[in-house]
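Sequential numbering of the sequence shown, starting at 24, is according to the numbering used here. From the three backbone atoms N, C-alpha and C, an ideal C-beta is built for every residue, glycine too. Computed from a predicted structure; not experimentally measured. These notes are about the structure you will find just below.
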Amino acid sequence: MKTIILVLILSIIPFFGINSKTKSLSNFLSIHIIDVGQGDSILIKTPNNKNILVDGGDENSQNLIKSYLKKENIKSLDIVIATHPHADHIGSLDYIIDNFSVKAFYMPQKESDSKAYNNILSSCNSKNLDINYLYKDDIINITDDINITVLAPSYIQEDDNLNSIIFNLNYKDKSFLFTGDAETPNEIDITSSFELDDVDFLKVGHHGSNTSTSSEFLEKTTPDMAVISCGYKNSYGHPHQQTLDNLDKNNILTYRTDLLGDLVFYSDGDVIFTKK
24 MKTIILVLIL
34 SIIPFFGINS
44 KTKSLSNFLS
54 IHIIDVGQGD
64 SILIKTPNNK
74 NILVDGGDEN
84 SQNLIKSYLK
94 KENIKSLDIV
104 IATHPHADHI
114 GSLDYIIDNF
124 SVKAFYMPQK
134 ESDSKAYNNI
144 LSSCNSKNLD
154 INYLYKDDII
164 NITDDINITV
174 LAPSYIQEDD
184 NLNSIIFNLN
194 YKDKSFLFTG
204 DAETPNEIDI
214 TSSFELDDVD
224 FLKVGHHGSN
234 TSTSSEFLEK
244 TTPDMAVISC
254 GYKNSYGHPH
264 QQTLDNLDKN
274 NILTYRTDLL
284 GDLVFYSDGD
294 VIFTKK
């Protein structure tokens, strides 16, 4: 019943928000989950025209991401964040750095011998773009009412998933949690270290794998809605049924790129809505 009511609310809100004479979509914070198949790429646009790109899919995603950014009239990215050096998250970021103006680039301080990682180093070098490393407790102020608090990594480990940059984006009364490919140990760490009992929006970790999104984590963070970015009928079986069951048990409205394609969520700091 709670899920049905939430669906109805999310369906009704756009008609009041978008059709208002005093507001247009550009007045809202928007979270774009770009459908790059089995990977992650997220565009965050602020009401005052700050653009943040989180991850860049695999190497085959470059034209798709470029087209999406151009569709959104984006020529410059204020911040690019590579959550961790796996190819399905950073594969096309070298292309994005080469073809767009990037003002600041962030990633975890974990080296890799992969082609995707070395391509990023080369692109940053050719653009004289500094690589900044993020750790737990770092804060990036985007605007007066939007900031990013980095929750992880606390330290660098061998497993790249466990080094994922996890951050909470706060906009007025709304909290958006982005998790990269973080797994259960990361979830335990951040819920023990930070007050995360009122998350509104969750980007589900590791494409819906059962290594993430435990029921205990969801009970502590209490998100209203969640998004899973994964490929249609992917070979990993993502999202795993256990993850979907955990989300359902906690009455969290869940959206999936493998079923719905690109997803866009809007917020004025008081409500979050989507047209899908």
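In the structure shown, F240 adopts helical secondary structure according to DSSP, grouped into three states.
T106 sits in coil when the DSSP states are folded into three classes, being neither helix nor strand.
Residue state for K138 is assigned as helix, using DSSP reduced to three classes. Counting the other CB atoms within 10 Å of its CB gives N86 a total below 16, which places it among the exposed residues. In the DSSP secondary-structure assignment, L219 is not bridged to any residue.
Nearest in C-alpha terms to S258, of all of G60, H55 and I54, is G60. In the structure shown, L174 adopts extended strand secondary structure according to DSSP, grouped into three states. Annotation for L225: L200, P246 and A249 place their beta carbon closer than 6 Å to its own, counting only its chain and skipping 5 residues before and after. With a cut-off of 8 Å on Cβ pairs, the stretch 166 to 180 is in contact with the stretch 205 to 213, counting three or more such pairs.
In the displayed model, I65 falls within a strand according to three-state DSSP.
Positions of the alpha helix (DSSP H) runs, each at least 4 residues long and wholly inside the stretch 69 to 128, are given as 85 to 94, 110 to 113 and 116 to 122 in order along the chain. Buried is the label assigned to L157, since at least 16 other Cβ atoms lie within 10 Å of its Cβ. The DSSP-derived three-state label of T297 is strand.
Burial is judged here by how many other beta carbons sit within 10 angstroms of a residue's own beta carbon; K68 has at least 16 and is buried. Nearest C-alpha to L76 among L52, I165, N274 and A105: A105.
Distance between N74 and N186, taken at the CA atoms: about 24 Å. Residue environment analysis places K299 among the exposed positions, since fewer than 16 neighbouring C-beta atoms fall within 10 angstroms of its C-beta.
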